[in-house]
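Data block below; observations after.
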Amino acid sequence: MLSNTGNFLLSLNILLSALIIYYSYSNLKTSDNLISQKVFKISILQSTSILICFFTLVSAFLVSDFSLITVYQNSHTLKPIFYKISGTWGNHEGSLLLWVIILTLFSFLFLIYNKKHPKNYRLYTLIIQNFLILGFLFFILFNSNPFSLISPSPNEGLGLNPILQDPALAIHPPLLYVGFVGSSIYFSAAIASMITNYADKSFAKSIKSWVLISWSFQTLGILVGSIWAYYELGWGGFWFWDPVENASLLPWFAMTALLHSLLVLERRNVLYFWSIILCLLTFILSVMGTFLVRSGILNSVHTFANDPTRGIYILVFLSLMILASVYILFSKYKPANIEINSNSKETFVLVNNWFMMFYLITVLLGTLYPIFTDAISNNKISVGPPFYNSVIIPVVIVFLFFMAIGPNAKWIKNKFIDLKIYSLITLAAIFFNFIIFFFFKSYSIISNLIVISSLFLIISSIMDLFKKINFNFPRVISHLSFGFLILFIGLNHNFSIEKDFNLKIGETKQIDNFKFHLKDLKLVQDTNYKAVIGSLKVNDLLTKEERVLKPEIRIYDNPQTLTYEASIQTNFIRDYYLTMSNIDRSDYYNIKFQKKPLMIWIWISVAMLSLGGFLSLFRHAKNN
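In my numbering, the protein residues as written are 785 to 1408.
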């Protein structure tokens, strides 16, 4: 029953998308300045039916309908209701259905909320968006159907991957997908803009809200995913340059560059085609990330889908998108005669964009290079943190200074920056840096430069809070948060302590200023797993702190999976982080201990960065 309902609704949505394209195209030929009511009514029906389709799949998970292959492979009768619901999108088929929902809702909302803009521009946006919807619907219906049946119907499911049974992983995909898929609407709008010659300031205003929505949700999605990886995967850090992590970061760089280029386009009517390129690039990178993750060609610890046939479809779809958008871009491209003063705000925005493109290209090369080496020489390699840190960190130091100065520059023409004020800020940053490193008795040239540059941005942003003219609170919050983020990352990296050693029950070991004692092990039986829980006493001989950490080794039943659960004790100053793993045919256990300063402030800084995006969204909506 649920299978028939789901398949009917998927087929219905293909028909509705085709009808929207047909009636929208027909509406283009009319002299009426209003969009046809048929288009509105079908769009409402389309949005409603795709939501019903999704809730049909949710119902199948809730009632444990194991006649559906997707439910059988990703659920179990004993699984809590919360994870039955989140399991709906915790798999390939369900996640793509969520993609289509977001594509459809953004299409409908753009139609509703962009009424001030020309009819043809909105209709072409709708047409292109529905071609995207059709592409994904055909993919779902014929290649990744969540309503496919299994016969005979099993009595029990295989269960969801244990590491996906987590509150953070329940909300991480939807947040990230709003960012990923939300970029589709300004991809469609960019192409529509070129077709209809609806350009410059008007185009910037039409898409700014949508860029802010996707950027803010993308930032939140990255934050939640990073927190989950921290405590669930046993990495003990905030970012490890894992390929799947990188796939989410690439469109974020493009979105950030786009947000800043739109400022120039909205104010000065320049950088139109560059903004168009960034619109196209953002969604293309989002789809490319999906291809890399879903195809199985990425070597990642948290790639949960591996099907080359699906990857080929997405690759073909991606290639068609690139070819079509590039063709339209080159056919409409007109070189602009732009005169920009070297010391104007436009220049600083362009510099921001250059930095973002540098970061994007660096991460892209680091992610794709192992794929090419594997394809050419069958030699599997991985590009890890040393590469990214050595390339990106020196550039970030320079970037922060530009980021601090840029907002205070003037449009078109600007006097040379006030050297007196910025000299004082630099001295203040050096002074506070000296205090920090003197207190912690540590020294590193790179670490000092990171701290100084981030403090430069922080102090400059704090001073901006007291400005009465051209005060932009969302921008100040975003820049201030980013400054604190880099500061806390730098301090965390420089002052982190890591120890890796082996212990057996009852043994005590002192390493530098820490003493470790494995008191005992306890066997615990939970609903769907068994756990060996260690009790490990940690003494910090310098601070006289004593903590008892309890890492776990879990063996899940459905499916049978071995996981290592970190024990984390956190406060506003530092985290104690400890994992334990068994050593085969040995009485010893491998212990990995980390003392990570200021971890919680890294998460808070990213959350505040996202808040800045939402505040900008409300500010833009209010003014327009």
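Using N, Cα and C, we set each Cβ at its ideal position, and we do this for glycine too.
Across the structure, Tyr1313 and Phe1250 are spaced so that their CA atoms are roughly 56 Å apart.
Taking every protein chain shown into account, the CB of Asp1310 has fewer than 16 other CB atoms within 10 angstroms, so this residue is exposed.
Apart from the 5 residues on each side of it in sequence, Tyr970 sits with its Cβ closer than 7 Å to the Cβ of Ile991, Trp994, Val995, Cys1063 in its chain, given in chain order. In this model, Thr832 and Glu1016 are separated by some 36 Å (Cα to Cα). Distance from the Cα of Glu1291 is smallest, within the candidate group Ser1319, Trp1387, Asn1297, for Ser1319. Shortest Cα-Cα distance from Leu862 to any of Thr1040, Ser1237, Thr1003, Leu944 involves Leu944. In this structure Leu1076 is in contact with Pro1027, their Cβ atoms being roughly 7 Å apart against a cut-off of 8 Å.
According to the DSSP assignment, Tyr1348 belongs to no alpha helix (DSSP H) but to the beta strand (DSSP E) extending over 1345–1349.
Classified as buried, Asp1248 has 16 or more neighbouring CB atoms from the shown chains inside 10 Å of its CB.
Comparing C-alpha distances from Pro958 to each of Trp883, Phe1285, Ala1013 shows the shortest one belongs to Trp883. According to the DSSP assignment, Ile1357 belongs to no alpha helix (DSSP H), since it is labelled neither H nor E. For Asp1248, the enclosing alpha helix (DSSP H) stretches over residues 1229–1248.
Pairwise C-beta distances place the segment 1051–1058 out of contact with the segment 1381–1393, as fewer than three of them are shorter than 8 Å. Here Glu877 is buried: its Cβ has 16 or more other Cβ atoms, across all protein chains shown, within 10 Å. Taking the Cβ atoms as the reference, Ile1337 lies roughly 7 Å from Ser1365, within the contact range of under 8 Å. Inside the segment 887–941, DSSP marks whole alpha helix (DSSP H) runs of 4 or more residues at positions 903–926, from first to last along the chain. For the options Leu1043, Pro936, Asn1286, the alpha carbon positioned closest to that of Ile997 is the one of Leu1043. In this structure, Leu1069 places its C-beta atom within 8 Å of the C-beta atom of Pro1035. Taking every protein chain shown into account, the CB of Ile1270 has 16 or more other CB atoms within 10 angstroms, so this residue is buried.
When Cβ pairs closer than 8 Å are counted between the two stretches, the segment 793–803 is seen to touch the segment 910–926, the count reaching three or more. Per the C-alpha coordinates, the member of Pro951, Met1383, Pro946 positioned closest to Gln1344 is Pro946.
Contact between Leu1033 and Val1147 holds, with the beta-carbon distance rounding to 6 Å and staying under 8 Å. Spatial neighbours of Asn1030 in its own chain (CB-CB distance under 6 Å, excluding positions within 5 residues in sequence) are listed in chain order as Val1147, Thr1151.
Residue nearest to Leu1211 within the set Leu1241, Val1133, Ala1038 is Leu1241 (criterion: CA-CA distance).
Between the segment 862–875 and the segment 811–824, the count of C-beta pairs closer than 8 Å stays below three; the two stretches do not touch.
For Thr1327, the closest alpha carbon among the candidates Ile1011, Gln830, Asn1297 is that of Asn1297. The continuous alpha helix (DSSP H) containing Leu1393 extends over residues 1383–1407. In the three-state scheme derived from DSSP, where H, G and I count as helix and E and B as strand, Ser870 is classed as helix.
Annotation: Val1182 to Asn788 spans about 58 Å, alpha carbon to alpha carbon. Three or more beta-carbon pairs separated by less than 8 Å are not found between the segment 974–991 and the segment 885–893, which leaves the two stretches without contact. Per DSSP, the unbroken beta strand (DSSP E) holding Val1322 starts and ends at 1313–1324. Secondary structure note for Gln857: its alpha helix (DSSP H) is the uninterrupted segment 853–858.
Between Gly1018 and Phe931 a beta carbon distance of about 36 Å is seen, past the 8 Å cut, so the two are scored as non-contacting. Shortest Cα-Cα distance from Phe1255 to any of Lys1306, Phe839, Pro1191 involves Pro1191. Boundaries for Gln821: no beta strand (DSSP E) harbours it, while the alpha helix (DSSP H) harbouring it runs 821–846, taken from the DSSP string. For Ser1244, same chain residues with a beta-carbon under 7 Å away, outside a window of 5 residues either side, are Ala1188, Ile1209 in chain order.
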